[in-house]
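**Student:** Got a structure here, written out as structure tokens. Questions coming.
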Amino acid sequence: MKRMIIEGGHQLTGTIPISGAKNSAVALIPASILCDEEVRIDNVPNISDIAALEEILEYLGASISKEDNSIIINSRNIDNKEIPESISKKLRASYYFMSSLLGKYKKVEMYFPGGCNIGARPIDQTLKGYRALGATVIEEGNKYTIYADELKGARVYLDMPSVGATVNTLLASVKATGKTVIENAAKEPEIVNIATFLNNMGAKISGAGTSKITITGVPYLHSATIETIPDRIEAGTYVIAGALIGNNLCINNIIPEHIDALINKLKEMGVNMTINDDNIIISQTANLKPINVKTLGYPGFATDLQQPFTALLTQCKGTSIVEETIYESRMGHIPYLNSLGANITGTNRLAKITGPSLLKGTTVTATDLRAGACMVLAGLIAEGQTIVEDVDHILRGYENIVEKLTNVGAKITIEEIK
Ligand code: EPU
Numbered sequence: 008m009k010r011m012i013i014e015g016g017h018q019l020t021g022t023i024p025i026s027g028a029k030n031s032a033v034a035l036i037p038a039s040i041l042c043d044e045e046v047r048i049d050n051v052p053n054i055s056d057i058a059a060l061e062e063i064l065e066y067l068g069a070s071i072s073k074e075d076n077s078i079i080i081n082s083r084n085i086d087n088k089e090i091p092e093s094i095s096k097k098l099r100a101s102y103y104f105m106s107s108l109l110g111k112y113k114k115v116e117m118y119f120p121g122g123c124n125i126g127a128r129p130i131d132q133t134l135k136g137y138r139a140l141g142a143t144v145i146e147e148g149n150k151y152t153i154y155a156d157e158l159k160g161a162r163v164y165l166d167m168p169s170v171g172a173t174v175n176t177l178l179a180s181v182k183a184t185g186k187t188v189i190e191n192a193a194k195e196p197e198i199v200n201i202a203t204f205l206n207n208m209g210a211k212i213s214g215a216g217t218s219k220i221t222i223t224g225v226p227y228l229h230s231a232t233i234e235t236i237p238d239r240i241e242a243g244t245y246v247i248a249g250a251l252i253g254n255n256l257c258i259n260n261i262i263p264e265h266i267d268a269l270i271n272k273l274k275e276m277g278v279n280m281t282i283n284d285d286n287i288i289i290s291q292t293a294n295l296k297p298i299n300v301k302t303l304g305y306p307g308f309a310t311d312l313q314q315p316f317t318a319l320l321t322q323c324k325g326t327s328i329v330e331e332t333i334y335e336s337r338m339g340h341i342p343y344l345n346s347l348g349a350n351i352t353g354t355n356r357l358a359k360i361t362g363p364s365l366l367k368g369t370t371v372t373a374t375d376l377r378a379g380a381c382m383v384l385a386g387l388i389a390e391g392q393t394i395v396e397d398v399d400h401i402l403r404g405y406e407n408i409v410e411k412l413t414n415v416g417a418k419i420t421i422e423e424i425k
């Protein structure tokens with residue numbers, strides 16, 4: 008277990024380079040095993056979620072080599088064996104292997120995936136996709152055995168635009184016979200990145216990034232490369248840091264369009280920033296206006312930025328309202344923001360934030376990945392020292408967070424607790 012110690016009040020100036028997107032890379036790696044030759048994935052973030060996926064690759068017998076932030080994977084000789092629960096429960100994205108193994112071998116045995124504790128997170132839509140493709144799904148407790156003589160293209164209508172179910176249906180259908188159509192698909196940029204990777208291997212996918220994706224199955228996928236897109240949630244988190252305590256802080260290597268919803272909210276609040284082609288330069292602004300925000304699937308306001316964003320809302324003059332519509336319990340950060348001096352009331356779905364509040368350092372906990380990011384942001388502006396416990400959650404998704412923030416002037420250290 009690790010904890011972070013932040014001395015608040017230091018202005019951030021300079022450049023923070025953004026890494027490859029966690030939520031793309033965690034799907035690109037499992038997608039790689041559908042390939043019948045070697046693949047190369049560039050711009051992979053060095054985070055613990057990626058390490059957990061590499062562990063699965065190694066367990067299955069894939070050969071992996073790494074060069075800086077690139078991974079070269081050859082899965083020709085993997086052994087399609089049951090993936091133990093001890094590995095699958097480390098992260099949500101482990102179930103992308105369920106789909107790529109099913110897509111490749113027509114059989115898979117695996118357990119329910121893990122992930123942040125932010126709500127129930129069922130996988131019914133993924134299972135519905137498998138069944139539509141003709142697979143039999145046997146559920147025994149946490150264990151799933153899924154098999155098919157043949158996967159046949161089908162129409163899959165998702166009850167909600169689930170990122171996971173969209174990716175899983177893509178992976179399971181890319182080698183099926185005939186045509187699959189995913190309706191009410193998720194439109195996140197990560198989906199486009201994954202479809203591009205598969206198309207680079209020779210898959211036939213169109214419509215990724217819209218709510219209707221069409222996949223025409225192919226029997227063989229050849230060698231390909233892909234670059235992981237920039238992490239829009241990491242970018243958004245540091246943009247918020249800039250709005251809190253930046254002095255011409257440059258958030259670099261980003262696709263600003265991917266955080267349009269955040270940018271528009273910042274503009275409504277009156278934040279001072281310059282948006283360029285691949286970076287945003289942002290500074291702390293006085294007299295921020297309160298706003299209301301509601302989380303939605305892309306291109307709406309990302310649920311993954313809701314928690315970091317709340318740290319900024321504590322500094323607005325007046326009452327702001329955050330409505331979380333994606334997850335039923337993604338408010339783990341609220342009691343800790345209050346212990347730092349914020350004035351927030353609400354429920355599991357709604358937070359009412361009245362500011363501005365002077366935050367004062369104390370000991371807080373990262374209850375999940377993005378709640379942890381919120382704690383770090385709050386610690387950057389809090390008076391005195393903030394200790395963030397359970398920061399292993401944060402290290403699952405933010406590459407080199409301590410170095411990136413220290414390089415622009417923050418005072419942060421991280422230490423192992425025995
Ligand atoms: N849902 C169902 N049934 C399903 C699938 C989803 O009811 O079969 C519900 C979920 O319970 C949730 C909503 O639909 O309430 C959306 O879930 P979705 O499937 O879109 O989320 P996910 O694929 O599990 C990914 C990201 C999350 C991000 C969400 C939403 C990965 C590995 N995770 O999760 O990222 O919050 O999409 O954008 O891509 C994070 O990075 O901190 C994180 C949690």
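According to this note's numbering, the residues represented by the sequence shown are 8 to 425, in order.
For glycine and all other residues, C-beta sits at the position ideal for the given N, C-alpha and C.
If you measure from the CB of Asn30, is any heavy atom of the ligand EPU nearer than 7 angstroms?
**Tutor:** yes
**Student:** Determine the direct distance from the alpha carbon of Leu402 to that of Pro52, and round the result to whole angstroms.
**Tutor:** 11 angstroms
**Student:** For a quick check, are the C-beta atoms of Ile130 and Val144 less than 8 angstroms apart?
**Tutor:** no
**Student:** Assuming Gln314 is part of the beta strand (DSSP E), what are its boundary residues?
**Tutor:** Segment 310–320 is the alpha helix (DSSP H) holding Gln314; no beta strand (DSSP E) there.
**Student:** Quick check: what's the CA-CA separation for Lys367 versus Gly126?
**Tutor:** 30 angstroms
**Student:** Is the distance from the Cβ of Ala358 to the Cβ of Met338 below 8 angstroms?
**Tutor:** Result yes, Cβ atoms of Ala358 and Met338 sit closer than 8 angstroms.
**Student:** Look at the alpha carbon of Lys274 and the alpha carbon of Asn286, and state the distance between them as a whole number of angstroms.
**Tutor:** 16 angstroms
**Student:** For Tyr245, collect the residues of the same chain with a Cβ closer than 6 angstroms to its Cβ; drop the 5 residues on either side in sequence, then sort them by chain order.
**Tutor:** Ile23, Ile258
**Student:** Compare the beta carbon distance of Leu134 and Ala161 with 8 angstroms and say whether it is the shorter of the two.
**Tutor:** no
**Student:** Relative to the alpha-carbon of Pro315, which residue among Gly325, Lys324, Glu331, Tyr305 has its alpha-carbon at the smallest distance?
**Tutor:** Glu331
**Student:** Does Tyr227 come out as helix, strand or coil in the three-state DSSP assignment?
**Tutor:** coil
**Student:** Measuring alpha carbon to alpha carbon, tell me which of Glu116, Glu14, Leu365 ends up nearest Leu67.
**Tutor:** Glu116
**Student:** Is Pro315 near the ligand EPU - that is, is its Cβ less than 7 angstroms away from at least one heavy atom of it?
**Tutor:** no
**Student:** Do the segment 169–182 and the segment 202–210 touch if we need at least three Cβ pairs shorter than 8 angstroms?
**Tutor:** yes
**Student:** So, is Met8 buried or exposed, given that buried needs 16 or more other C-beta atoms within 10 angstroms?
**Tutor:** With fewer than 16 other Cβ atoms within 10 Å, it is exposed.
**Student:** Going by the C-beta, is Tyr334 closer than 7 angstroms to any heavy atom of the ligand EPU?
**Tutor:** Distances taken from the Cβ of Tyr334 to the heavy atoms of the ligand EPU include one shorter than 7 angstroms.
**Student:** Within 7 angstroms: the Cβ of Ile130 and any heavy atom of the ligand EPU?
**Tutor:** yes
**Student:** Whose C-alpha, out of Thr217, Tyr227, Ile408, is nearest the C-alpha of Pro196?
**Tutor:** Checked all of Thr217, Tyr227, Ile408; the closest Cα to Pro196 is Thr217.
**Student:** Which of the three DSSP states, helix, strand or coil, is assigned to Met105?
**Tutor:** helix
**Student:** Can you list, in chain order, the stretches of the beta strand (DSSP E) that have 3 or more residues and sit fully within the segment 186–237?
**Tutor:** 186–190, 211–213, 219–223, 231–234
**Student:** Given 7 angstroms as the limit, tell me if Asp311 has its C-beta closer than that to any heavy atom belonging to the ligand EPU.
**Tutor:** yes
**Student:** Give me, in chain order, the residues of the same chain whose beta-carbon lies closer than 6 angstroms to that of Ile48; leave out the 5 immediate sequence neighbours on both sides.
**Tutor:** Leu35, Ile78, Ile233
**Student:** Could you give the DSSP three-state label for Asn30: helix, strand or coil?
**Tutor:** helix
**Student:** Hey, could you find the ends of the alpha helix (DSSP H) Asp56 is sitting in?
**Tutor:** 55–67
**Student:** Thinking just about the alpha-carbon of each residue, which of Ile25, Val383, Ile201, Glu396 is nearest to the one in Gly15?
**Tutor:** Val383
**Student:** Is any non-hydrogen atom of the ligand EPU found closer than 7 angstroms to the C-beta of Leu376, if you look at the structure I gave you?
**Tutor:** yes
**Student:** Just how far apart, CA to CA, sit Ile341 and Ile351?
**Tutor:** 7 angstroms
**Student:** Per DSSP, what kind of secondary structure is Tyr6 in: helix, strand or coil?
**Tutor:** Nothing in the structure corresponds to residue 6, since the chain is present only between 8 and 425.
**Student:** Decide if Met11 is buried, meaning its Cβ has at least 16 other Cβ atoms within 10 Å, or exposed.
**Tutor:** buried
**Student:** Determine the contact status of Ala231 and Val46, defining contact as a CB-CB distance below 8 angstroms.
**Tutor:** yes
**Student:** How about Val395 and Ile13: do their beta carbons lie closer than 8 angstroms?
**Tutor:** yes
**Student:** Out of Asp284, Leu256, Ala250, state which residue places its alpha-carbon closest to the alpha-carbon of Asn294.
**Tutor:** With distances taken between Cα atoms, Asn294 lies closest to Ala250.
**Student:** Could you give the distance in angstroms between the alpha-carbon of Ala193 and the alpha-carbon of Tyr334?
**Tutor:** 16 angstroms
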